[in-house]
Structures are given as structure tokens and as C-alpha cells.
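Each residue of the sequence shown is one higher than the one before, starting from 241 at the first, in our numbering.
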Amino acid sequence: MFRFVDQPTIAAGKGEVWVVFNGGGPIVAAGAPVTGLGEVGSFIAPDVVAGTNNCTYGDLAIGPHGQVMQVCTLTESGQGGGRIYVNVDPDGLGPAGFNDHSIFVVDTHVGGFDFIPAQPDRSVDAEPGLAWDRTGGPHNGRVYLVYTLEQKNESDNTKNSQFLPKISLDPTTGNLAVIWYDARNDLGTGGAADTDGIPNTDAQLWGAFSTDGGQTFTKNIQISAGTSNSHDAQNGIDYGDYSGLSFYGGIAHPAWSDNSNSTGNNPDGTLHQLDIYSASVPVRGR
241 MFRFVDQPTI AAGKGEVWVV FNGGGPIVAA GAPVTGLGEV GSFIAPDVVA GTNNCTYGDL
301 AIGPHGQVMQ VCTLTESGQG GGRIYVNVDP DGLGPAGFND HSIFVVDTHV GGFDFIPAQP
361 DRSVDAEPGL AWDRTGGPHN GRVYLVYTLE QKNESDNTKN SQFLPKISLD PTTGNLAVIW
421 YDARNDLGTG GAADTDGIPN TDAQLWGAFS TDGGQTFTKN IQISAGTSNS HDAQNGIDYG
481 DYSGLSFYGG IAHPAWSDNS NSTGNNPDGT LHQLDIYSAS VPVRGR
């Protein structure tokens, strides 16, 4: 048994379904065959992924041949930075299992509990995410990774926080969508993007698309119609630990925490408890 289980993540594809989680120290992975709608076989014995002790806040993806990749962040507990690692099981449900070592990818400079003005109670982490192209197209087999770097987004000039990113790949085209919470418009000077007169405490949901295999991205797009303040929710965890994103048929479907009441039907009104908002966002031009 595990001392605790943190951030379980699930992925399905190529006739299999996998789940990974931090099992009180290392990353643990398990998969099962899927033969049809509702037809899920028994899960294989959980595999403790080598080189992942105290590595967490991860994601996983399934490749075009049933391979499985997991990503996680080995961090200092506070704001001292972290390192992102990946590990691959080359045959998925086959006998090989995950590699006997993890592969270093990049330093993030974002700690495991990195407190920022827009997420002052829960903090943020680098929140790495994976997308693996299985389309059979020009970029088939390519793996994409998104994470927080603690450097400004190259397509804007803000010094404000951008955090909790999520990536998804459209299996019908191979195009990419990325979303994140963004405080760029909160200058603390009032207006629609500022709820409290303090800069960098309010956030909106933004995103971008790539149609060329991640070489370039469209201009950033504001997705949320309103502006949220997570601290006003008084829930202790702000926006939470991650956002959600699905991308299919040229339409991105993000899900995020929002208390702007931009829809006018938040049961708790404006700038109180958070609700899950979603949108349908078509691929847009540059």
C-alpha cells in the first residue's frame, strides 16, 4: 500500500489505458487493455518508475506503437526551482516495463510550492504536460512537452504571472492547443481585468495554437470572458493544481476554475466560490 497518492493522471489510446500517480515517493504506473466501449481488462501489476523518488506533478501520454511516457518534476519543496524528467515504457502493456533510469529534460526554476500573487494560498508548480502525435501525419511519433519556466511568454511583454499550463493534440490534424492562467492584464489600475486595485492578483484564461508541429504558435488568445480572483474564493487551494483541455476536430475545449460570473449564472455570484467553466475555441489564425 502507498503512504498517499498524489495527482493521478489517466490517458487512453492504442487499445490501452494507463494511470500514473505519485505513490508516496516514486511515480507508479499501471495499464490495462481496452478492446471496446466499456471493455476494459485487468490492470497489470503497478510499475514503480525508476529514478522518480520524490518526483511528482506529472502527466503521461501514449505513443503510436503503444509506448507510454511519463513526465514529472523533481522539485524543492518551496520556491527554489525544479527539474523535469521523463521515463518511457517502450512496449506499453508488454513485458519491458519502464526504463531503468529517468531522462533529464530541463530546469524549470519553479519550485514545488511556488507562491505567486495570483495563487497566494495554494501556490503553483511547473505542471508539465505531454502530448504524443499518433495521427500518422508528418509529425507522427513526435512528443510535445509544456511546462512553466518562470520566464515571460515570448509573444507578449508582460511581467505578470502565467501559470498552470495544459497541452492537447488534435488527433484529426496533429495541431496543438495550449492554455494557461494569465495575469497579464491586471495592472492594478482598475478596469475589467482588475478586481482589487492590486497588480498581478487577478487572472484570465488564455491560449494559443500551433499548426506546424510546435515550431510556431498563433498570437495568444483570451479565452475566458471575465476576470477571476482565486483568493476571493477563500477555499485554501485557489484555482487548484491544474486545468483541463481536450482538442478534437479543430475545436479546443478547455476547462478552468472561474469566479468572474461572466455567464451570469454562477450560483455564488461574482468573486466568491469558483465554478468550472468551459468553452469551445476553434483554431484561429496568426
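Don't be surprised by glycine CBs; every beta carbon is placed ideally from N, CA and C.
What distance in whole Å lies between the Cβ atoms of V521 and I463, which are believed to be in contact at a cut-off of 8 Å?
Between V521 and I463 the Cβ distance is about 6 Å, and since that is below 8 Å, they are a contact.
Need the endpoints of the beta strand (DSSP E) that Q247 sits in, please.
Taken as a continuous stretch (DSSP letters only), the beta strand (DSSP E) holding Q247 covers 246-253.
Report the residue from G253, G303, D422 whose alpha carbon sits nearest the alpha carbon of T275.
Ranking G253, G303, D422 by Cα distance to T275 puts G253 first.
Taking the C-alpha atoms as reference points, what is the distance between Q455 and Y384?
The alpha-carbon atoms of Q455 and Y384 are separated by roughly 11 Å.
Starting from the Cα of P266, find the closest Cα among D246, V280, D436 and give me that residue.
It is D246.
Can you tell me whether Y297 is buried or exposed, with buried defined as 16 or more other CB within 10 angstroms of its CB?
Label assigned to Y297: buried.
Can the beta-carbon of V289 be found closer than 8 Å to that of M309?
Result no, Cβ atoms of V289 and M309 do not sit closer than 8 Å.
N294 to G322, Cα distance in whole Å?
Going from the Cα of N294 to the Cα of G322 covers about 11 Å.
Considering R382, what are the terminal residues of the beta strand (DSSP E) in which it resides?
R382 -> no beta strand (DSSP E), and no H or E assigned at all.
So L404 packs on W420, CB below 8 Å; how close in whole Å?
Indeed, because the Cβ distance is near 6 Å, the residues count as touching under 8 Å.
Of all the options K399, G428, P330, S500, which has the alpha carbon lying nearest to the alpha carbon of A465?
Here the closest residue by C-alpha is S500.
How would you call D434, buried or exposed, if buried means at least 16 neighbouring beta carbons within 10 angstroms?
Under this definition D434 is a buried residue.
Determine the direct distance from the alpha carbon of T249 to that of V328, and round the result to whole angstroms.
Distance between the alpha carbons of V328 and T249: 16 Å.
My guess is that G437 and G431 are in contact by the Cβ rule of under 8 Å, so how many angstroms apart are they, rounded?
Contact flag wrong, Cβ pair sits at about 10 Å.
Can you give me the Cβ contacts of F487 inside the same chain, cut-off strictly under 6 Å, excluding the 5 residues immediately before and after it?
Closer than 6 Å at Cβ, skipping near neighbours: S408, D410, A417.
Taking a contact to mean a Cβ-Cβ separation below 8 Å, would you say S470 touches A366 in this structure?
Taking 8 Å as the Cβ cut-off, S470 and A366 do not qualify as a contacting pair.
Less than 8 Å between the beta carbons of G414 and D373, yes or no?
The answer is yes: Cβ separation under 8 Å.
Report the CB separation of A272 from G281 in whole angstroms; it is logged as a contact under 8 Å.
Between G281 and A272 the Cβ distance is about 5 Å, and since that is below 8 Å, they are a contact.
Below 6 Å CB to CB, which residues in the same chain sit around R362 once its five sequence neighbours on both sides are set aside?
Counting only Cβ-Cβ distances below 6 Å, and skipping sequence neighbours, we find I477, D478.
Thinking E256 and G332 are a contact (beta carbons under 8 Å), I'd like their distance in whole angstroms, please.
Indeed, because the Cβ distance is near 6 Å, the residues count as touching under 8 Å.
The beta strand (DSSP E) with P532 in it runs from where to where?
The displayed coordinates of the chain run from 241 to 526. Any statement about residue 532 would go beyond what the structure contains.
Measure the alpha-carbon distance for S342 versus G377 and round it to whole angstroms.
Roughly 28 Å between the two C-alpha positions.
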